[in-house]
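Working notes for the structure below.
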Amino acid sequence: MDYLTIIQILDSTVRLATPLLLTCLAGLFSERAGVVDIGLEGKLLAAAFLAGAAASVTGSIWIGLLAGVAGSLAFSMIHGLASITFKGDQLISGVALNFLAAGLTVVVGQSWFKLGGRTPSLPTEARFGEWNLPFSDALADVPFIGPLYHELISGHTALTYMALLAVPLSWWVLYRTRFGLRLRAVGENPSAVDTAGVSVVRLRFAALVIAGVLCGMAGTYLASLAAGFVKDMSAGRGYIALAALIFAKWRPWYALSATMLFGLLEAIGNRYQSITMGDFTIPVQFMQALPYILTVIILAGFVGKAIPPRAGGTPYVKER
Amino acid sequence: MSVQSEAGRQATAAPTASSAPIDAPAIELRGISKAFGPVQANKDISITVKKGTVHGIIGENGAGKSTLMSILYGFYKADAGTIHIKGQEVQIADSQAAISAGIGMVFQHFKLVENFTVLENVILGAEDGGLLKPSLAKARTLLKQLSDEYQLSVDPDALIEDLSVGHQQRVEILKALYRQADILILDEPTGVLTPAEADHLFRILEGLKEQGKTIILITHKLREIMEITDTVSVMRRGEMTATVQTADTTPEDLAELMVGRKVLLHVEKKPATPGAQILEIENLRVVDEQGVERVKGIDLHVRAGEILGICGVAGNGQTELLEVLGGYQTGTGTIRLNGQEIDLTGKNSDGQSRRARGISHVPEDRHDEGLILNFQAWENMVFGYHHAPEYQKNRFLMDNAAIKAMTQESMTKFDVRPPNPKLEAKSFSGGNQQKIVLAREIERNPDLLLIGQPTRGVDIGAIEFIHQQIVHLRDAGKAILLVSVELDEILSLSDRIAVMFDGKIMGERLPSETNEGELGLMMAGIAEEKSREAGQ
Chain A
1 MDYLTIIQIL DSTVRLATPL LLTCLAGLFS ERAGVVDIGL EGKLLAAAFL AGAAASVTGS
61 IWIGLLAGVA GSLAFSMIHG LASITFKGDQ LISGVALNFL AAGLTVVVGQ SWFKLGGRTP
121 SLPTEARFGE WNLPFSDALA DVPFIGPLYH ELISGHTALT YMALLAVPLS WWVLYRTRFG
181 LRLRAVGENP SAVDTAGVSV VRLRFAALVI AGVLCGMAGT YLASLAAGFV KDMSAGRGYI
241 ALAALIFAKW RPWYALSATM LFGLLEAIGN RYQSITMGDF TIPVQFMQAL PYILTVIILA
301 GFVGKAIPPR AGGTPYVKER
Chain B
321 MSVQSEAGRQ ATAAPTASSA PIDAPAIELR GISKAFGPVQ ANKDISITVK KGTVHGIIGE
381 NGAGKSTLMS ILYGFYKADA GTIHIKGQEV QIADSQAAIS AGIGMVFQHF KLVENFTVLE
441 NVILGAEDGG LLKPSLAKAR TLLKQLSDEY QLSVDPDALI EDLSVGHQQR VEILKALYRQ
501 ADILILDEPT GVLTPAEADH LFRILEGLKE QGKTIILITH KLREIMEITD TVSVMRRGEM
561 TATVQTADTT PEDLAELMVG RKVLLHVEKK PATPGAQILE IENLRVVDEQ GVERVKGIDL
621 HVRAGEILGI CGVAGNGQTE LLEVLGGYQT GTGTIRLNGQ EIDLTGKNSD GQSRRARGIS
681 HVPEDRHDEG LILNFQAWEN MVFGYHHAPE YQKNRFLMDN AAIKAMTQES MTKFDVRPPN
741 PKLEAKSFSG GNQQKIVLAR EIERNPDLLL IGQPTRGVDI GAIEFIHQQI VHLRDAGKAI
801 LLVSVELDEI LSLSDRIAVM FDGKIMGERL PSETNEGELG LMMAGIAEEK SREAGQ
């Protein structure tokens with residue numbers, strides 16, 4: 001494996017990890033506030049569909065991004081209404097949203113565009129362009145540093161850079177601000193927050209708003225990358241992001257490493273589609289399944305003790 | 321600090337305070353009523369608490385103390401009545417309003433975020449701005465002042481989960497003081513403390529009182545009322561039955577006011593006549609799931625017709641000892657029942673096998689281990705004994721009619737109210753729930769009864785009954801192993817007392833030859849010889 005191949009695999013890792021990272025951070029905010037968010041998958045899908053549809057109609061991916069974020073936010077608020085306001089079961093609400101997204105995107109897509117549930121292909125100008133950082137072309141031919149800078153660091157979309165910036169920003173918000181302190185507290189012991197005179201409901205909704213925006217960005221990224229919406233295009237990324245969240249022990253920097261790892265697995269699976277070992281050829285399907293298999297192995301064996309936010313999954317009911 | 325807080329208070333909470341009379345009571349409730357459906361939790365309650373005094377509120381579970389405090393702290397809105405702070409009527413719609421009216425609450429179950437530091441917990445909800453750094457710095461200096469002033473020392477950077485319960489409680493008090501509370505309400509504050517910690521708490525409260533703070537102490541422990549309060553109000557069935565000067569009353573009078581009839585505060589029992597060795601424990605060790613050794617090689621024995629009381633601060637291995645004996649925790653060592661060894665691991669070490677051998681168990685936590693709260697009383701009454709042939713109709717069906725009849729009979733005998741086998745366990749009061757568990761275990765006529773915290777969360781009236789039942793069982797020649805964190809209970813029920821600390825037995829004493837002071841020192845792990853001297 002030469003240097004350039006490694007750079008290419010890493011470049012592809014960053015591309016594939018971007019939606020995972022955004023989704024993982026969405027889950028992080030939500031779960032840190034004590035709302036279990038298995039509906040990440042549904043939000044991702046809804047955002048991807050609305051972004052794809054809006055971008056193909058208007059020709060602007062930025063309007064697509066707005067639509068995607070709006071769709072994801074709407075789903076997030078339904079989740080909040082069901083599980084915070086009406087104190088319903090957070091898992092059931094989330095799973096219901098996943099089903100809703102899976103069905104609704106296809107039905108609406110079919111009746112709107114008549115393309116079997118797809119949205120029309122997005123032309124290049126209606127997708128996120130690659131940002132070339134300063135001097136990237138000038139440095140491209142410099143040995144070693146050139147490919148690293150030109151291929152790996154430069155040339156990603158705006159959303160990728162935003163996702164990467166979201167990591168330190170999330171850390172700062174969670175650990176350095178009043179909002180972050182209260183958010184973390186409400187996920188651990190909401191009655192402590194309540195008796196301190198702070199609204200549990202408002203904090204949890206605020207967390208879901210952040211989660212909705214981040215998921216909306218991730219969904220839009222997917223639609224842009226694949227040049228349009230395709231049925232079930234989130235392909236379990238919402239769940240992988242949840243797995244990464246556990247792997248990351250609900251911390252922003254760990255979330256970056258965890259999603260990069262999952263991105264790397266996917267990149268390797270994509271690149272080496274058929275490997276021949278002597279007479280035996282490893283089937284393509286196995287390589288495609290590899291990231292998922294490794295997810296199970298990593299979660300089962302290597303996470304160590306991951307302590308979730310203690311109040312996660314339980315609606316807050318005032319005690320007498 | 322106190323000067324500064326006074327100024328802050330007047331500027332925010334009571335802008336018109338200057339018009340109030342100087343000697344206005346710190347807090348006054350007038351005609352507070354609150355109903356939950358048909359249940360009248362508070363009926364026309366009026367209290368006046370003078371500034372700089374300690375006022376006790378005493379009453380049985382369900383007497384309405386907690387409801388009253390919830391109204392004061394903005395959890396509920398009263399149906400009728402008004403609240404006056406320093407002579408001004410205030411509306412307390414939520415906790416925020418209570419805090420800005422100068423009320424601080426220390427709940428029975430602490431409202432702390434376990435994996436936050438002390439500082440973070442103190443500032444939570446009372447931060448100065450969007451960023452934490454300045455708030456934390458300010459809290460650090462203020463905390464230092466407060467600790468010096470009131471003997472409230474606690475490491476500001478320690479995580480709550482690493483602190484002892486006594487220190488966690490100090491954090492709760494600090495939280496209230498940081499919010500400039502003038503009126504401090506403590507709900508059952510000593511339930512989780514060692515005697516030494518409780519003494520320290522009382523000294524802190526004395527200090528706060530001297531600084532002009534007003535303290536309301538809610539408790540069911542008569543001794544504490546007598547020890548620390550200036551005035552005391554008694555609640556019964558939602559009503560305030562009396563408010564008296566503590567100096568003018570006696571524990572017996574207060575107990576009568578609480579229950580509505582004369583209550584025996586001391587357990588009436590004859591001297592024990594111990595018989596054969598029933599339970600022998602040698603070098604028992606228990607390692608928990610986290611790999612921590614909880615029981616570190618203890619030796620104990622209990623004879624027939626004897627109550628062995630094990631006292632200690634919660635979490636010193638008593639729970640694990642009961643679990644091993646009850647058959648749901650593994651251990652190493654030797655345990656003999658009636659001279660025959662019982663298995664500590666393997667398939668013959670489960671609860672079923674223990675019951676078959678004649679060990680009955682009233683677990684410490686009746687909600688988690690003693691009962692299934694959503695099941696009806698008759699179903700709960702048969703758990704653990706559901707394999708007994710008398711409850712089987714045939715190979716597949718159980719004889720529900722027989723179980724219900726048995727339940728009805730036990731309920732009458734143990735005075736469970738209401739005696740309705742079809743009521744769900746959760747709808748009984750704590751005392752009646754405990755009677756259900758007790759009836760189930762005692763009626764099986766065990767050789768050995770394990771009983772943990774028999775009267776936790778139980779009313780005075782029911783405590784009397786439960787204690788009598790335990791003594792009856794002893795007089796019937798059974799061996800009883802009693803675990804309790806209530807020193808009073810241990811002292812009055814036990815025929816012999818063993819003190820547990822850090823998984824070891826610190827020593828054994830006869831109730832007639834020891835006292836709370838000595839036991840308290842042993843519970844705190846102070847060496848046996850030393851405590852002996854101090855106790856005398």
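Just so you know, the sequences run in chain order A and B.
For the record, in the first sequence the residue sitting at position 230 is 230 according to my numbering, with numbers rising by one throughout.
Numbers in my numbering are just positions in the second sequence, counted from 1, shifted up by 320.
Glycine residues also receive a C-beta, built at the ideal position from the N, C-alpha and C atoms.
Since we're looking at a predicted model, the values are computed, not measured.
Cut-off 6 Å between Cβ atoms - residues of its own chain near residue i, not counting five sequence neighbours on either side
{"i": "GLY52(A)", "result": "THR119, ALA223, GLY228 and PHE229"}
{"i": "PHE49(A)", "result": "THR105 and PHE229"}
{"i": "GLY558(B)", "result": "GLN360, ALA361, ASN362, LYS363 and GLY384"}
{"i": "SER804(B)", "result": "GLN773 and ILE810"}
Listed by chain order, chain A residues near residue i by CB distance under 7 Å
{"i": "GLN416(B)", "result": "GLY197"}
Residues sharing a beta bridge with residue i, DSSP
{"i": "TRP131(A)", "result": "HIS156(A)"}
{"i": "ASN362(B)", "result": "LYS354(B)"}
{"i": "GLN712(B)", "result": "MET718(B)"}
{"i": "GLN728(B)", "result": "GLN728(B) pairs with nothing; no bridge assigned."}
{"i": "GLU744(B)", "result": "GLN696(B)"}
Proximity test, Cβ basis, 9 Å: residue i and chain B
{"i": "GLY180(A)", "result": "yes"}
{"i": "GLU188(A)", "result": "yes"}
{"i": "ALA338(A)", "result": "Because residue 338(A) is not part of the residues shown, which for chain A are 1 to 320, the question remains open."}
{"i": "ASP194(A)", "result": "yes"}
{"i": "ARG204(A)", "result": "no"}
{"i": "ARG251(A)", "result": "no"}
{"i": "ARG310(A)", "result": "yes"}
{"i": "ARG184(A)", "result": "yes"}
Contacts of residue i in chain B (Cβ-Cβ under 9 Å)
{"i": "SER191(A)", "result": "PHE427, HIS429 and LYS431"}
Within-9 Å CB hit, residue i to chain A
{"i": "LEU451(B)", "result": "yes"}
{"i": "GLU380(B)", "result": "no"}
{"i": "LEU444(B)", "result": "yes"}
{"i": "TYR470(B)", "result": "no"}
{"i": "LYS397(B)", "result": "no"}
{"i": "GLU508(B)", "result": "no"}
{"i": "GLU447(B)", "result": "yes"}
{"i": "LYS495(B)", "result": "yes"}
Neighbouring residues, chain B, relative to residue i (Cβ below 8 Å)
{"i": "ARG176(A)", "result": "LEU451, LEU452 and LYS453"}
Residues near residue i in its chain [Cβ-Cβ closer than 8 Å; skip 5 each side]
{"i": "THR566(B)", "result": "GLY376, ILE545, MET546, THR549, ASP550, THR551 and VAL552"}
{"i": "THR514(B)", "result": "GLY486, VAL633, GLY840, MET843 and ALA844"}
{"i": "ALA413(B)", "result": "GLY394 and LYS397"}
{"i": "GLY449(B)", "result": "SER455"}
{"i": "LEU693(B)", "result": "HIS687, GLU744, ALA745 and LYS746"}
{"i": "PHE99(A)", "result": "GLY42"}
Interface partners of residue i on chain B, CB under 7 Å
{"i": "LYS318(A)", "result": "PHE395"}
Close beta carbons around residue i, own chain, < 7 Å, minus the five adjacent residues each side
{"i": "ALA459(B)", "result": "LEU439, VAL442, ILE443 and TYR498"}
{"i": "SER473(B)", "result": "SER467"}
{"i": "MET578(B)", "result": "ILE378, GLY379, GLU380, VAL554, ARG556 and ILE780"}
Neighbour flag for residue i against chain C, beta carbons, 9 Å
{"i": "LEU133(A)", "result": "Absence of chain C from the displayed structure is noted, the protein chains being A and B."}
- Query: Mind listing which residues of the region 413-442 of chain B have their C-beta closer than 9 Å to chain A's C-betas, in chain order?
  - Reply: Correct list: ASP414, SER415, GLN416, ALA417, ALA418, ILE419, SER420, MET425, PHE427, HIS429, PHE430, LYS431, LEU432, VAL433, GLU434, ASN435, PHE436, GLU440 and ASN441.
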